[in-house]
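Trainee:
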Ligand SMILES: Cc1ncc(COP(=O)(O)O)c(C=O)c1O
């Protein structure tokens with residue numbers, strides 16, 4: 114438990130506390146997504162607009178979590194929300210096909226070179242589940258390699274080596290058999306990864322990874338590492354799946370794989386492309402994705418993916434299309450701004466902590482930022498183990514103090530994201546609050 118004094122937070126969140134007590138009688142642990150709990154209890158949000166969240170007690174927070182990093186344009190952007198009001202009146206789920214999904218798919222196809230064909234689903238979890246199933250079906254092999262700390266959602270196959278210590282099972286209910294077909298690789302360590310891959314290559318269907326470890330601390334994949342895995346996959350008849358659910362359309366109007374000159378065989382998207390509504394996308398080379406076409410293939414030759422009552426629903430499709438269209442039209446302005454703010458946030462936070470003799474590394478890329486408090490065990494962050502070994506207690510205190518005393522919300526211990534509605538003044542606020550927190554000695558009282 115944190116040594117942080119929750120006094121000021123508790124004082125201003127009485128109604129949230131009461132809601133949390135009620136929530137605990139409805140949901141195990143009071144929440145439906147595990148990471149949304151933080152001590153002593155999360156604040157309950159009533160509304161969100163632009164860069165702000167407003168809670169049930171009337172507190173306003175500048176949001177740097179931005180809906181699990183999905184909201185690149187901020188909360189409820191007018192250009193998305195207004196047309197959606199009309200769309201809502203025209204039906205929420207048709208239960209059949211709609212033209213908007215084709216338009217959204219066409220934009221993705223145009224700007225993601227490897228997305229020759231795709232399927233829409235409702236979550237990133239489904240997208241990665243489908244991607245690994247397609248890889249197994251296409252290659253006829255069984256083993257999936259992922260990296261230590263890699264997060265691909267809650268599907269059972271990929272719920273391995275997600276949280277430190279990685280060698281321990283993620284929890285009950287995950288049967289051994291699934292784990293037998295998953296291998297975990299050390300991120301950013303090509304020789305170490307290849308040594309493991311070599312032991313299973315005859316039965317290796319795919320390698321799946323995020324080009325930036327998001328949930329595991331904003332750790333950026335080195336280009337040589339990613340290229341090395343691409344080459345290994347080519348040589349060994351293994352599919353490379355890039356999970357760009359966070360990075361897709363986050364750093365530019367496209368994918369990080371493409372900026373690195375890497376063509377994955379399969380690529381997953383989510384978050385931003387749903388414009389604030391539920392979405393997942395599994396995409397890939399035509400030759401591979403065609404295996405999912407049930408109209409061409411009989412049961413024993415097809416890969417059965419593509420369910421989901423709400424998949425391709427007209428609201429997610431419309432919100433995604435409006436968002437993507439806006440991003441495309443304002444590409445230069447948006448990405449220049451958010452990437453600049455992110456770069457400044459990383460370097461200025463680093464400088465500030467360093468000036469006070471606090472050893473930090475601020476990881477991330479573009480508009481993604483993640484502070485890590487270094488210690489005698491970790492001096493540089495190259496992978497999820499390094500990130501996990503940093504001073505987590507200090508990070509929790511830092512984020513809780515930003516929240517309670519300065520109205521700045523980072524989901525405690527998680528990476529933050531800057532959106533188009535953030536400005537220099539938000540960065541200034543973050544820096545001055547951080548300066549104050551350091552001066553108050555909050556981070557040295559352990
Ligand atoms: C890289 C990555 N893949 C997959 C997922 C799962 O997506 P969802 O939460 O929509 O199921 C996430 C969620 O944060 C993610 O960060």
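Numbering (the working numbering), first residue to last: 114 to 559. A virtual CB, placed ideally from N, CA and C, is assigned to each residue, including glycine.
1. Tell me which residues share the same chain as residue 244 and place their Cβ nearer than 6 Å to its Cβ, disregarding the 5 neighbours each side in the sequence.
2. Considering only their Cβ atoms, is the gap separating residue 522 from residue 516 smaller than 7 Å?
3. Kindly indicate which three-state DSSP category residue 322 falls into: helix, strand or coil?
4. Under the three-state reduction of DSSP, which class applies to residue 115: helix, strand or coil?
5. Quick check on this structure: which residue in 220, 118, 540, 175 has the alpha carbon closest to the alpha carbon of residue 367?
6. Quick check on residue 297: does DSSP put it in helix, strand or coil?
7. Please report how far the alpha carbon of residue 462 lies from the alpha carbon of residue 470, in whole angstroms.
8. Does the pairing of the segment 187-194 with the segment 341-349 give three or more beta-carbon distances under 8 Å?
9. Is the Cβ-Cβ distance between residue 476 and residue 356 less than 7 Å?
10. Is residue 273 near ligand 1, judged by its Cβ being under 6 Å from some heavy atom?
11. What are the partner residues of residue 530, as DSSP defines its beta bridges?
12. If you drop the 5 nearest sequence neighbours on each side, which residues of the same chain put their C-beta closer than 6 Å to that of residue 239?
13. Taking 6 Å as the cut-off, is the CB of residue 295 close to at least one heavy atom of ligand 1?
14. List in chain order the residues whose CB is within less than 5 Å of at least one heavy atom of ligand 1.
15. Would you mind sorting residue 140 into buried or exposed? The rule is 16 or more other CB atoms within 10 Å of its CB.
16. I need the straight-line Cα distance from residue 460 to residue 422, nearest angstrom please.
17. Considering only their Cβ atoms, is the gap separating residue 260 from residue 310 smaller than 7 Å?
18. Are the segment 488-500 and the segment 126-135 touching, with three or more C-beta to C-beta distances below 8 Å?
19. Taking a contact to mean a Cβ-Cβ separation below 7 Å, would you say residue 386 touches residue 455 in this structure?
20. According to the neighbour-count rule (16 or more other Cβ atoms, all chains shown, within 10 Å of its Cβ), is residue 288 buried or exposed?
21. Quick check: residue 179 and residue 532, are their CB atoms within less than 7 Å of each other?
22. Just list the residues that DSSP pairs residue 474 with in beta bridges.
23. Considering only C-alpha positions, which residue in the set 284, 273, 299 is nearest to residue 293?
24. Below 8 Å, can you find three or more Cβ-Cβ pairs linking the segment 361-376 to the segment 409-423?
25. Please work out which residues of its chain come closer than 6 Å, Cβ to Cβ, to residue 298, disregarding the five sequence neighbours upstream and downstream, and give them in chain order.
26. Measuring straight from C-alpha to C-alpha, what distance separates residue 228 and residue 400?
27. Compare the C-alpha of residue 350 against each of 319, 358, 402 and name the closest.
28. What residue range does the beta strand (DSSP E) around residue 265 cover?
29. Taking the alpha carbon of residue 388 as the point to measure from, which residue in 398, 424, 435, 493 has its own alpha carbon closest?
30. Determine the closest residue to residue 458 out of 437, 539, 409, with distance taken between C-alpha atoms.
31. Could you give the first and the last residue of the continuous beta strand (DSSP E) run that contains residue 272?
32. Rounded to whole angstroms, what's the CA-CA distance from residue 115 to residue 164? Just pull it up for me.
33. Which ranges would you report for the alpha helix (DSSP H) in the segment 127-151 if only whole runs of at least 4 residues count?
34. Check each candidate in 398, 466, 411 and name the one with the smallest Cα separation from residue 232.
35. Cβ atoms of residue 338 and residue 303: under 7 Å apart, would you say?
Mentor: In brief:
1. Along the chain shown, read from residue 1 onward, the residue named residue 244 stands at position 131. The answer, listed in chain order, is 354, 379, 381, 395.
2. In the chain shown, residue 516 corresponds to position 403, counting from 1. In the chain shown, residue 522 corresponds to position 409, counting from 1. Their beta carbons are under 7 Å apart, which means residue 516 touches residue 522 by this criterion.
3. In the chain shown, counting from the first residue as 1, residue 322 sits at position 209. Three-state DSSP puts residue 322 in a strand.
4. What you label residue 115 is simply residue 2 of the chain shown in a count that begins at 1. Interpretation of residue 115 is limited by its pLDDT of 45, a score under 50 that renders its predicted location unreliable; no figure is taken from the coordinates.
5. Here residue 367 corresponds to residue number 254 of the chain shown, with the count starting at 1. Answer by Cα proximity: 220.
6. The residue labelled residue 297 in the question sits at position 184 within the chain shown. It is a strand residue.
7. Taking the chain shown and counting its residues from 1, one reaches residue 462 at position 349. Taking the chain shown and counting its residues from 1, one reaches residue 470 at position 357. C-alpha separation (whole angstroms): 12 Å.
8. no
9. As a first step, residue 476 must be located in the chain shown, where it is residue number 363. As a first step, residue 356 must be located in the chain shown, where it is residue number 243. For residue 476 and residue 356, no; Cβs fall outside 7 Å.
10. Sequence index remark: in the chain shown, residue 273 carries index 160 (1-based). Result no, Cβ not under 6 Å from ligand 1.
11. On the chain shown, residue 530 is found 417 positions in, with the first residue counted as 1. 481, per the DSSP bridge assignment.
12. Position 126 of the chain shown holds residue 239. These residues qualify, in order along the chain: 393.
13. Indexing the chain shown from 1 puts residue 295 at position 182. Flag unset: Cβ of residue 295 not near ligand 1.
14. 236, 237, 238, 265, 266, 323, 327, 356, 358, 359, 383
15. In the chain shown, counting from the first residue as 1, residue 140 sits at position 27. Classification of residue 140: exposed, given that the 10 Å Cβ count is below 16.
16. By one-based count along the chain shown, residue 460 stands at place 347. By one-based count along the chain shown, residue 422 stands at place 309. Distance between the alpha carbons of residue 460 and residue 422: 45 Å.
17. The residue you call residue 310 lines up with position 197 of the chain shown. The residue you call residue 260 lines up with position 147 of the chain shown. Their beta carbons are not under 7 Å apart, which means residue 310 does not touch residue 260 by this criterion.
18. no
19. Here residue 386 refers to the residue found at position 273 when the chain shown is read from its first residue. Here residue 455 refers to the residue found at position 342 when the chain shown is read from its first residue. No, the Cβ-Cβ distance between residue 386 and residue 455 is not below 7 Å.
20. Here residue 288 is taken as the residue at index 175 of the chain shown, counted from 1. Flag for residue 288 reads exposed.
21. The residue labelled residue 179 in the question sits at position 66 within the chain shown. The residue labelled residue 532 in the question sits at position 419 within the chain shown. In contact: residue 179 and residue 532 (Cβ atoms closer than 7 Å).
22. The residue given as residue 474 occupies position 361 in the chain shown. Looking at the DSSP assignment, residue 474 forms a beta bridge with 485.
23. Within the chain shown, residue 293 is the residue found at index 180, counting from 1. Measuring from the Cα of residue 293, the nearest candidate turns out to be 273.
24. no
25. On the chain shown, position 185 is the one that residue 298 refers to. Contacts found: 258, 260, 306, 309.
26. In the chain shown, residue 228 corresponds to position 115, counting from 1. In the chain shown, residue 400 corresponds to position 287, counting from 1. Going by the C-alpha atoms only, they are around 11 Å apart.
27. In the chain shown, the residue the question calls residue 350 occupies position 237. When only C-alpha atoms are compared, the closest one is 319.
28. Along the chain shown, one-based indexing puts residue 265 at 152. First-last for residue 265: undefined, no H or E at that position.
29. Taking the first residue of the chain shown as 1, we reach residue 388 at position 275. For residue 388, the nearest C-alpha among the options comes from 435.
30. For the purposes of this step, residue 458 is identified with residue 345 of the chain shown, where counting begins at 1. Comparing Cα positions, the closest option is 539.
31. Locating residue 272 in the chain shown gives position 159, counting from the first residue. First-last for residue 272: undefined, no H or E at that position.
32. For this step, residue 115 is matched to residue 2 along the chain shown. For this step, residue 164 is matched to residue 51 along the chain shown. Bear in mind that a pLDDT of 45 at residue 115, under 50, signals an unreliable position, so the model cannot answer this.
33. 127-137
34. Walking along the chain shown from the start, residue 232 turns up at place 119. Closest by alpha carbon: 398.
35. Indexing the chain shown from 1 puts residue 303 at position 190. Indexing the chain shown from 1 puts residue 338 at position 225. Closer than 7 Å, so yes.
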